[in-house]
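Start counting the sequence shown at 55; every next residue gets the next number (the numbering used here). Each residue gets a CB set at the ideal place from its N, CA and C atoms; glycine is no exception. Given the structure is predicted, the values throughout are model-derived calculations rather than measurements.
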Amino acid sequence: VLSLIGFICIETVMMCSPCAGVYLFEFVSCSSFVVTGLFLLILILNLHTRLTHINWSVL
């Protein structure tokens with residue numbers, strides 16, 4: 055939720071458009087919102103029980 059709020063806030067600020075930090079914050083906040091949404095979707099649809107587990111010690 056905080057990443058979505060941060061993304062909305064940074065989109066409303068137009069005074070610092072050429073700042074590189076703004077683009078980085080926008081990318082990180084949008085990416086974290088999308089990844090968190092995917093994780094929640096996987097948990098809500100019970101897809102985590104259908105996915106195969108990877109045995110990392112064998113690899």
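Between residue i and residue j, which are expected to be in contact by the criterion C-beta below 8 Å, what is the C-beta distance as a whole number of angstroms?
i, j, result
"GLY60", "SER85", "Incorrect: roughly 12 Å between the Cβ atoms, too far for contact."
"ILE64", "PHE79", "6 Å"
"HIS102", "ILE108", "At roughly 13 Å, the Cβ-Cβ gap does not stay under 8 Å, so HIS102 and ILE108 are not in contact."
Under three-state DSSP, which class holds residue i?
i, result
"HIS107", "coil"
"VAL89", "helix"
"CYS63", "helix"
"VAL112", "coil"
"CYS84", "helix"
"LEU99", "coil"
Going by Cα to Cα distance, which pick from the options is closest to residue i?
i, options, result
"VAL55", "THR90, CYS73, PRO72, THR66", "THR90"
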